[in-house]
Structure formats: C-alpha cells, structure tokens
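Basically the numbering used here = 1-based index in the sequence shown + 542.
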Amino acid sequence: MKIVIVGAGVVGLHLAKTLSWQEYDVSIIDRKQSLVDRAAGSLDVMAIRGSGTSIKTLLEAGVDDADLLIAVTSIDEVNIVACVLAKQLGAKTRIARVRNQEYSSPDVPINLAELGIDQIIHPELEAAREVERMIRYHQAVDIVECAGGKMMLVGFKITSNSDIIKKPLMALTPQYPDISLRIVAIGRGAETIIPSGTDVILPDDTIYIMTHQRNLDRVFQMAGKSGNVSFDVMLLGGGLVGRLVAGRLEQDKRFNIKLIESDKDRSQIAAETLENTIVVRGDEEMDIDLMVMEGIEEMGVFAALSDDDENNIVTSLFARHMRVPRTITLSTKPEYSPIARAIGLDAAVNELILTSDAILKHLLGARILAVATLRGIEADIVEFLVAAGSKAAGLKLKETSFPKGAIIGAIEHLGEVVVAEGDSVIYAGDTLVAFCIPDTIPELEKLFR
C-alpha cells in the first residue's frame with residue numbers, strides 16, 4: 543500500500559511512524575527542512591521538502607499511483623488543496639485534517655467529498671470527545687473503548703486505601719472472583735511495566751485494567767476510587783474545544799458547568815452559544831484569583847482547555863493544590879505527556895496524538911484494526927485480526943511466543959468478547975486486543991498475519 547503524507551509535524555510523524563512499522567510504502571512532505579531531516583533520519587520513509595499544494599512535489603512523492611493521501615499540516619487550506627490536487631492526480635483516497643468546522647457545516651453549499659476529500663478529521667472535536675469521556679469517568683487517568691466498545695481499558699492511580707497494594711497480580715483472581723479483568727500494564731515513575739503474575743502493585747502506581755464496561759464500578763472500588771460522578775465542573779478556556787466540551791456536557795442536565803475565558807470575543811461567543819453554562823470573563827488568561835472567586839475548591843472536576851499549554855499546566859497544578867479531585871489538561875506538545883504524571887497532573891489530553899489516532903482508525907488494513915496511544919505511559923493498544931495462516935491460530939495464549947513488552951488483554955471470538963487468560967485459545971478470525979510497547983507492534987503483526 544502506497545501512502546503520501548502532507549505535513550511532517552507531530553501528527554504526520556506519528557502517522558508515518560505507525561504506518562512504516564507495517565511495511566507500507568510511505569512518503570512524507572513538508573516545507574521545513576528540519577522536519578524533513580527528522581523524518582528521514584528516524585523512519586523508513588521517503589521524505590521530501592516542498593509544499594502539499596505543489597503538483598511537482600506531489601508527483602515526486604508518488605501521489606499519481608498512491609492508495610492514500612493524508613494531509614495533516616496546521617493550515618486547513620493547504621490540506622484541502624492537497625486533497626483536491628491528489629484526486630486529479632490519481633490518489634485513490636484522500637483524508638484531510640480540518641480545524642474550521644465551517645467547511646463541514648450542513649449550511650455550507652460546498653460538498654468537500656466532490657472536491658476530493660473522502661474523510662475529514664476535526665482535531666478539536668476529537669479532543670472534546672476525549673475530555674468529555676474523562677469527565678464522565680473522572681476516577682480514571684485514561685479510558686479507551688476496545689473491541690467496538692464491548693471492552694474497556696481503564697487506567698487508575700493507586701491510592702493508599704486500595705485493597706490490592708503489595709499483592710501479586712496472580713492473587714487478584716481468587717480475591718475478586720466476580721470480576722473478569724486483566725491488568726495489562728503498570729506505570730511506575732517513568733517506567734512502563736508489562737506485568738507477569740508475580741508482579742506486585744505499589745502505592746502511586748498507575749495500573750491499566752482490561753475489563754467489561756459492566757464491571758467498571760467494581761473495578762473503581764477495587765482500586766480505591768469512588769464510583770460517583772462529580773457534576774460540578776469548571777472549564778478554563780472558551781475556545782472551540784472548551785465550547786464543544788461544555789455543549790456536550792450540557793446535554794446532561796445533572797452537570798453544573800462554569801467556563802472562564804479572558805478574551806472578550808470568545809467569552810461573548812460562548813455566552814451566546816451555550817444555554818446551560820455559566821460563562822465568566824476573566825481579566826487575564828491565568829486568572830488564579832478569579833478561579834478562587836468562582837469556587838474552584840468546590841469543584842469536582844477542573845479542565846484546562848486554553849490554547850496555551852503552559853497556562854493549562856500551571857492552572858491544573860493550582861487546582862490540584864486547591865484539592866480538586868480531578869484535573870484534565872489539554873496540550874498540543876507531545877513532550878509534555880510523559881511528564882504529566884510525574885508532576886502531579888491527573889490526565890493530559892494531547893490534541894495532536896488524538897488526531898493521529900483518529901486517522902489511523904480509518905485507514906489501517908485488515909490485519910491491524912485500530913491503534914490508540916495512551917498518555918503518560920509508553921505503550922499502545924492495538925487490535926489485531928488473526929489471519930487463517932497465523933502461527934498463533936489454534937494455540938493457547940500461554941503456548942504462544944509473544945515478544946517481551948506485549949500482552950493480550952481481550953479476545954473477540956464469534957462476536958463474544960472475553961478477558962484473555964493463559965488458557966484462552968486463539969482462532970483464525972478472532973480479534974485480539976493487545977497492550978504493547980510500540981517497538982513490538984511489527985513482531986506482533988507478523989505473528990498474527
């Protein structure tokens with residue numbers, strides 16, 4: 543499969559990295575020489591300096607016989623034009639990252655599909671969906687739907703009142719016989735551990751559990767977390783992400799929402815478009831005094847959603863200082879994700895990585911069904927389809943030679959999803975939900991192909 547990526551920033555590089563692991567023929571284009579050099583030096587791709595709006599550059603990248611073009615620069619118009627040109631030049635499928643929702647509004651008499659865009663990805667909408675999910679499941683540091691929503695991967699920070707501290711993982715099954723679950727990873731400081739049955743959970747560990755959605759309340763209790771949702775929410779930032787989050791939460795009348803925005807125009811737009819949210823205009827972007835005046839200490843959740851990463855981090859840390867039980871921090875810089883846990887942030891939502899994951903869900907081939915990148919931990923969730931000729935087909939999990947740094951969390955067989963166990967048998971046609979260090983993905987893909 544031949545793929546051309548326009549834009550070698552965070553999103554483009556993450557896409558190129560994942561796709562090149564699968565031995566796709568990947569070309570990547572960017573105007574900045576430094577980004578081109580980084581892609582060429584770290585990945586097995588053809589990196590080209592140029593513009594995605596240049597016919598010459600697109601042809602040099604091989605767009606005329608490409609199966610797919612993905613345009614993910616930071617400029618909407620460049621992405622749209624790249625897709626329009628790619629359609630005329632012969633690319634079979636085109637995907638564009640587009641921030642301006644006006645382009646996809648039903649009120650606009652322009653059909654982007656007719657112009658050449660088969661799929662539009664909205665970064666802010668992806669971020670808003672993730673933030674909303676983190677607010678609704680505020681007890682978790684991360685939560686991902688797997689196997690079409692039939693299974694959940696939930697991450698928890700272990701507190702001192704948890705019943706599972708200093709116990710080997712193999713002891714959890716007899717201790718909780720009514721819960722079907724599998725602990726697939728442990729985050730300890732900056733270290734990511736893919737555990738065995740003899741590993742022990744320590745205070746302040748972040749553990750990742752695969753379980754059915756119906757078991758979530760019991761899993762919350764096991765981890766020492768309250769199962770009650772907090773409905774008092776403060777949002778900092780009235781940009782598109784903040785307004786989308788507030789609008790989605792407003793649909794549930796139980797939520798009491800306050801939104802703080804320092805910009806006059808943004809605060810006015812928020813006040814006009816939101817029906818059940820209290821919009822407060824601040825005097826400055828990092829208005830700590832206003833947060834106190836508006837009752838930050840009474841909130842159950844604080845989400846920092848401004849356009850300034852550093853402002854979001856500082857205000858989230860202040861909210862933690864004020865003993866807000868749950869903080870959510872929006873960022874666009876991936877380098878902040880690994881340190882979020884270390885400096886005391888509950889959950890860091892990276893808009894660019896979410897965008898990349900959303901694109902991957904639409905384009906990965908039959909053998910790899912989905913990829914999700916977790917925040918604050920060096921691991922991915924990958925869903926594999928077991929091929930008829932797979933070396934693993936017909937074997938029990940415990941009989942299969944998995945690479946170090948990978949574990950199977952769940953198996954979908956004939957429409958039924960179960961938590962994986964050592965005696966679980968792998969059949970051709972099954973979907974396996976793996977939790978793995980990124981470098982192990984190619985080896986797993988070969989095992990199941």
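For each residue, glycine too, the CB sits at the ideal point set by N, CA and C. Please read all numbers here as calculations on a predicted model, not as lab measurements.
query, result
"Spatial distance of Gly-1019 from Glu-565 (CA atoms)", "Only positions 543 to 991 of the chain appear in this structure, which leaves residue 1019 out of reach."
"Cβ contact check for the region 879-893 and the region 934-950: 3 or more pairs under 8 Å", "no"
"Identity of the residue in Val-548, Val-787 and Ala-952 nearest Phe-926 by Cα", "Ala-952"
"Per-residue DSSP class, three states only, for Lys-800", "strand"
"The region 581-595 / the region 554-572 touching (three or more Cβ pairs under 8 Å)", "yes"
"Coil, strand or helix - Phe-990 by DSSP", "helix"
"Assigned secondary structure, His-754 (DSSP; H/G/I helix, E/B strand, else coil)", "strand"
"Spatial distance of His-754 from Ile-811 (CA atoms)", "40 Å"
"Distance between Ile-700 and Leu-744 (C-alpha atoms, nearest Å)", "8 Å"
"Stretch-stretch touch, CB-based, cutoff 8 Å, three pairs: the region 958-975 with the region 719-728", "yes"
"Neighbour-count burial assignment, Lys-598, 16 or more Cβ in a 10 Å radius", "exposed"
"Under the three-state DSSP convention, the category Ala-682 falls into", "coil"
"Contact set for Ala-846: own chain, Cβ-Cβ below 6 Å, skip 5 residues either direction", "Leu-778, Asn-854, Thr-857, Ser-858 and Thr-871"
"Status (buried if at least 16 other CB within 10 Å, exposed otherwise) for Glu-814", "exposed"
"Rounded Cβ spacing between Thr-595 and Val-614 (contact assumed at less than 8 Å)", "Going by Cβ atoms, the distance from Thr-595 to Val-614 rounds to 14 Å, so no, they are not a contact pair."
"Those residues which DSSP pairs with Ser-540 across a bridge", "Here the chain covers residues 543 to 991 and nothing more, so residue 540 does not appear."
"Same chain, Cβ closer than 6 Å to Leu-657, neighbours up to 5 away in sequence not counted", "Val-626"
"Rounded straight-line distance, which links the Cα of Val-726 to that of Met-776", "33 Å"
"Exposure label - His-863; buried when at least 16 CB within 10 Å", "exposed"
"Burial state of Ile-706, where buried means 16 or more other Cβ atoms lie within 10 Å", "buried"
"Span of the alpha helix (DSSP H) around Glu-656", "654-657"
"Cα-Cα separation, Arg-785 to Ala-765", "32 Å"
"Sequence-distant residues of its chain with Cβ nearer than 6 Å to Met-486 (five each side left out)", "With the chain covering 543 to 991 only, the question about residue 486 has no answer from this structure."
"Three-state secondary structure (DSSP) of Glu-941", "helix"
"Nearest neighbour of Val-787, chosen from Arg-675, Ile-685 and Ala-689 [CA to CA]", "Arg-675"
"Inter-residue spacing [alpha-carbon to alpha-carbon] between Gly-907 and Ser-646", "At Gly-907 the pLDDT is 46, less than 50, meaning the model places this residue with poor confidence; the figure from the coordinates comes in the next sentence. When rounded, the distance between both Cα atoms is 26 Å."
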